[in-house]
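Chains D and P supply the protein sequences, listed in that same order. Mapping of the first sequence onto the working numbering: position 331 corresponds to residue 331, and the numbering continues sequentially without gaps. Mapping of the second sequence onto the working numbering: position 35 corresponds to residue 1035, and the numbering continues sequentially without gaps. Here the structure is laid out as structure tokens; the discussion comes afterwards.
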Amino acid sequence: MKKKWMVSFSAMALLAGGALAGCSSDNGGGDSSSGDEGSKTEITLAGWGGNPTEQDLLQQTLDDFEEQNPDIDVKLEVIADQYMDVMKTRLIGGEGPDVFYLDAFEAPALIETGVLEPLDDYVTEEFDVEDFETPLLEAFQQDGVTYGFPKDYSTLALFYNKTMFEEAGVEVPTTWEEMMEVSEALTGDGVYGYGVAPELARQYFVAESLGGSVVEDNMANFGSDEVIEALQPIIDQHNVAKTSAQPSEVGASSGGDMFGQQRAAMVLEGNWNIPYLEETFPELEYGTAEVPTINGEKGTMAFTVSYVMNAASEKKEASWKLIEYLTGKEGMETWTSKGFALPTRKSVAEKLGYADDELRGSLVAGAEYATVWSNGTNLPIITNNFNNQFVSAFLGDRPLDEALKEAEEQANSEIEANN
Amino acid sequence: MNRKYSRKKLQEAGQGYFFMSPTLFVLACFILGPIFYAVFLSFHNVRLLGETAYNFVGFANYERVFDDRRALIALWNTFKYVIIVVPSQTILAIILAATLNAGMKGEKFFRIVYFLPTLTSSAVLTLIFMWMYNREGLINFGLESIGLPTYDFIGDPNIALTAIMIMNIWATAPFFMVIYLAALQDIPDSLYEAAELDGAGPIRKFWSITVPHLKPITSFVVIMGIIGTFQLFDQSYIFSGGSGGPDNSTLTVVLLIYQYAFKSLDTMGYATAIAFMLAIVILVATLLQRKFSKEENLY
């Protein structure tokens, strides 16, 4: 009898123990011990997926790295959907990857939590930080400390439909007023002159073109008169002149789609649009130009992503080697060689000659004066509220000033409640 | 009372618990634990990322809901959604079931056709509907061809929630229809025969025999409907790309919880407070419904 009890008791203990281990997040130590066999260190790199060609390029870059560093194994994890949700959850659970992608938009908030490793101490003379485009690098700095190095970027440029421009007999606009005019000539039966995205990520530089600021002291400030005045033309073009439309109004899923379907003669899109159009609408005759000037000032948006290191990583040396290679001159050249992304290093950009590229030239030209899509820790809340109300003004449901003032109030009350 | 636990009885009880232990353990680990943790979180300001910190704030998270315009909009949207969708889908389900039960030709065929939407995953269904709702999509095409005005179902704040309602009624009614169908077939034919002898017509028979006999089922359907509709998330999430837009028109309570829990940092406590309040609202709605229908023999 006693024996039976012993058996069942130990079985229970085993069961409970096993389940407990499954519940807790403490088994991270298991991975690190894998370095014991041989002297290979395995580090994980996480990012979101791109198209297959892009994925091949990344793999090739990683293969080159592994060849140069035979003691390091890189495990690539592709997070297909809800990247930041997955990443935050994993970081909280102590299961974060060693190195991962981070969008500039999310960077300030994540830096503040302290989960990112400061990289300044690792940087060597040879790495040449000066080579990076300054605004892009600044998006990943806080109080002078660098937490990530931008892997690539894209700016917005004006994509225009050559065929439609020829038929309408108009020139490519260089100022915002000209753009309004040519939109008039290009609009017709189900076709709009300008395909617009009524969201802050795309309109930020327009909003600030008259000297206003969307974010001030980490609080929403887009209800100010300068910002409203600067954005009013976007609304008027849609509701008064009726020469612009957002993609959903013509049944398109994105600006690129709208442009490809020839429902818009002009759109402001980024580098990602070039391979997309090539693949989906190969017949399309189009060109790119710099974003038309507003009040004689050049402006555009820049979107960038960096590699950052998990502060909880146990393999920091190896992780740094990976970041160093990927954002270094050699790795970046491989990664950006096919033109899916633009290099953030001036020397690489020069070497690959994108500035002279017929389609990418205007995108590269924008890097100098672009506004980087990143501003403080509260930008996600501010963006959410802005987009929500801006759409209703765009659709003509309510005046712009009223909509934006209300959205600003809401955003600021949310921000205050969070503190 | 002098109840003594004999050694044997204790041993038996021990064995019982031992056999239950895997289940108990799973329940504690994945159901009870998270519930208590959520309650705990809802009274704190929580910072999970980086250095974990819990800051006790009492009922502040609960009070915050009333100052939060988006939370009130979400509540209002959800309420509208429940009030319209639950009765509509219940009535539609009864009508569908009654017509299928009337013994018309091709009954089996229609049963399959009606039931098909239930078999599709809601995510896929939403994507298909978004394609149909498209400015250039099937529904606008249909409206246009019979001379009716077309709508920007996805982009227009005034219509987006209605579009989701229509989709959801269409997708859930058949499921409840099957339940009704089973119940209908349980009603003895003799009742109908007796009514016929008394000269009752089909409508009278429906109201005086079918509907009262379906009361327990209706109660079940309504409660399941209320719980399901209060939890509306996936459709509006996909529909609006996670934002609850356009203009907060598709923002539901669960979507708001998701946004506070995962999209912004440091608001996990607030998110759990809303979640807890939602649970209370659902509980109250269910209790009210049970009180009104006084039918508890089903569960």
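Glycine is no exception: its CB is placed at the ideal position from the N, C-alpha and C atoms.
Against residue 410(D), what residues of chain P qualify as contacts under a CB-to-CB distance less than 8 Å, listed in chain order? As a position in the first sequence, residue 410(D) is number 410, starting the count at 1. Here the neighbours are 1069, 1070.
At which residues does the alpha helix (DSSP H) containing residue 204(D) begin and terminate? In the first sequence, residue 204(D) corresponds to position 204, counting from 1. In the DSSP assignment, residue 204(D) falls within the alpha helix (DSSP H) that extends over 200-207.
So what's residue 1222(P) in DSSP terms, helix, strand or just coil? The count along the second sequence starts at 1 and reaches residue 1222(P) at position 222. Helix, per DSSP.
Whole beta strand (DSSP E) runs in the region 1047-1117 of chain P with 3 or more residues, listed along the chain? Taken in chain order, the complete beta strand (DSSP E) segments of 3 residues or longer contained in the region 1047-1117 of chain P are 1053-1056.
Whole-angstrom C-beta distance between residue 147(D) and residue 308(D), which should lie under 8 Å: Position 308 of the first sequence, counted from the start, is the residue given in the question as residue 308(D). Position 147 of the first sequence, counted from the start, is the residue given in the question as residue 147(D). 6 Å between Cβ atoms; contact.
For chain C, find out if any of its Cβ atoms is closer than 7 Å to the Cβ of residue 1264(P); answer yes or no. You won't find chain C in this structure, because its protein chains are D and P.
Which of the residues in the region 1232-1261 of chain P, read from start to end, lie with their CB under 7 Å from any CB of chain D? 1243, 1245, 1246, 1247, 1248
In terms of alpha-carbon separation, which member of 292(D), 369(D), 47(D), 41(D) lies closest to residue 81(D)? Position 81 of the first sequence holds residue 81(D). For residue 81(D), the nearest C-alpha among the options comes from 47(D).
Have a look at residue 235(D) and residue 388(D) and give me their C-alpha separation to the nearest angstrom. Locating residue 235(D) in the first sequence gives position 235, counting from the first residue. Locating residue 388(D) in the first sequence gives position 388, counting from the first residue. Distance between the alpha carbons of residue 235(D) and residue 388(D): 15 Å.
Confirm, please, whether the CB-CB distance from residue 150(D) to residue 288(D) is below 7 Å. Working through the first sequence from its first residue, we reach residue 288(D) at position 288. Working through the first sequence from its first residue, we reach residue 150(D) at position 150. Not closer than 7 Å, so no.
Chain-ordered chain P contacts of residue 193(D) [CB-CB under 7 Å]: Walking along the first sequence from the start, residue 193(D) turns up at place 193. In chain order: nothing, as chain P lies at least about 18 Å away.
Which runs of the alpha helix (DSSP H) spanning at least 4 residues fall entirely within the region 88-173 of chain D, listed in chain order? 107-113, 134-138, 162-168
Who are the neighbours of residue 428(D) on chain P, taking C-beta pairs under 9 Å? It is not possible to answer for residue 428(D), since the shown part of chain D is limited to 1 through 419.
Between the Cα of residue 251(D) and the Cα atoms of 1075(P), 1133(P), 1207(P), which residue gives the shortest distance? The residue you call residue 251(D) lines up with position 251 of the first sequence. Ranking 1075(P), 1133(P), 1207(P) by Cα distance to residue 251(D) puts 1133(P) first.
Compare the beta carbon distance of residue 321(D) and residue 1049(P) with 7 Å and say whether it is the shorter of the two. Taking the first sequence and counting its residues from 1, the one referred to as residue 321(D) is at position 321. Taking the second sequence and counting its residues from 1, the one referred to as residue 1049(P) is at position 49. No. Outside cutoff.
Residues of chain D with a CB under 9 Å from the CB of residue 1077(P): which are they? On the second sequence, residue 1077(P) is found 77 positions in, with the first residue counted as 1. The premise fails here: residue 1077(P) is roughly 13 Å from chain D at the closest Cβ pair, so nothing lies under 9 Å.
Are there three or more Cβ pairs, one per stretch, closer than 8 Å when the region 1246-1256 of chain P is compared with the region 1069-1085 of chain P? yes
Does the region 1087-1103 of chain P come within contact of the region 1004-1022 of chain P, defined as at least 3 CB pairs closer than 8 Å? Cβ pair count under 8 Å is below three, so no.
Reference residue 49(D), options 77(D), 67(D), 42(D), closest by Cα: Here residue 49(D) refers to the residue found at position 49 of the first sequence. The residue with the shortest Cα to Cα distance from residue 49(D) is 77(D).
Between which two residues does the alpha helix (DSSP H) harbouring residue 346(D) extend? The sequence position of residue 346(D) within the first sequence is 346, counting from 1. It spans 346-352 - the alpha helix (DSSP H) in which residue 346(D) sits, taken as one unbroken run.
Excluding the five sequence neighbours on either side, which residues of its own chain have a C-beta within less than 7 Å of the C-beta of residue 55(D), listed in chain order? Stepping through the first sequence from its first residue, residue 55(D) is reached at position 55. Contacts found: 49.
Rounded to whole angstroms, what's the CA-CA distance from residue 1252(P) to residue 1077(P)? Just pull it up for me. As a first step, residue 1252(P) must be located in the second sequence, where it is residue number 252. As a first step, residue 1077(P) must be located in the second sequence, where it is residue number 77. The alpha-carbon atoms of residue 1252(P) and residue 1077(P) are separated by roughly 6 Å.
Alpha-carbon spacing of residue 123(D) relative to residue 330(D), whole angstroms: Mapped onto the first sequence, residue 123(D) falls at position 123. Mapped onto the first sequence, residue 330(D) falls at position 330. One C-alpha to the other measures close to 16 Å.
Taking residue 109(D) as the query, report the chain P residues whose CB atoms sit under 7 Å from its CB, ordered along the chain. Position 109 of the first sequence, counting from 1, holds the residue named residue 109(D). Think of a sphere of 7 Å around the beta carbon of residue 109(D): the chain P residues whose beta carbon falls inside it are 1265, in chain order.
Does the structure place the region 1215-1235 of chain P close enough to the region 1265-1282 of chain P that three or more beta carbon pairs sit under 8 Å? yes
My parser needs the beta strand (DSSP E) runs of 3 or more residues fully inside the region 222-269 of chain D; what are they? 264-269
Other residues of its chain near residue 276(D): CB distance less than 7 Å, five sequence neighbours each side excluded: Here residue 276(D) corresponds to residue number 276 of the first sequence, with the count starting at 1. Contacts found: 256.
Contact criterion: CB-CB distance below 7 Å. Does residue 177(D) meet it with respect to chain P? Here residue 177(D) refers to the residue found at position 177 when the first sequence is read from its first residue. False, the Cβ-Cβ gap to chain P never drops below 7 Å.
So, does the CB of residue 26(D) fall closer than 7 Å to a CB anywhere in chain P? The residue labelled residue 26(D) in the question sits at position 26 within the first sequence. Unreliable positioning characterises residue 26(D) in this predicted model, as indicated by a pLDDT of 41, which lies under 50. The coordinate reading is nonetheless provided below. False, the Cβ-Cβ gap to chain P never drops below 7 Å.
Around the Cβ of residue 145(D), are there at least 16 other Cβ atoms within 10 angstroms (buried) or fewer (exposed)? Here residue 145(D) corresponds to residue number 145 of the first sequence, with the count starting at 1. Residue environment analysis places residue 145(D) among the exposed positions, since fewer than 16 neighbouring C-beta atoms fall within 10 angstroms of its C-beta.
Using the beta-carbon of each residue, which ones in chain D are nearer than 7 Å to residue 1199(P)? Along the second sequence, read from residue 1 onward, the residue named residue 1199(P) stands at position 199. Contact annotation for residue 1199(P) against chain D: no contact, minimum CB-CB distance about 57 Å [criterion: below 7 Å].
Closer than 7 Å, Cβ to any Cβ of chain D: which residues of the region 1148-1162 of chain P, in chain order? 1152, 1154, 1155, 1156, 1157
What span of residues does the beta strand (DSSP E) with residue 73(D) cover, start to end? The residue labelled residue 73(D) in the question sits at position 73 within the first sequence. Segment 72-79, the beta strand (DSSP E) holding residue 73(D).
Within 7 Å (strictly less), CB to CB, does residue 317(D) reach chain P? Along the first sequence, one-based indexing puts residue 317(D) at 317. Output row for residue 317(D): interface = no.
What's the gap between the Cα of residue 1082(P) and the Cα of residue 1226(P)? For the purposes of this step, residue 1082(P) is identified with residue 82 of the second sequence, where counting begins at 1. For the purposes of this step, residue 1226(P) is identified with residue 226 of the second sequence, where counting begins at 1. The straight-line gap from Cα to Cα measures roughly 6 Å.
So is residue 1050(P) in contact with chain D if we call contact Cβ pairs under 7 Å? Numbered from 1 along the second sequence, position 50 holds the residue referred to as residue 1050(P). Yes, residue 1050(P) lies at the interface with chain D (some Cβ there is under 7 Å from its Cβ).
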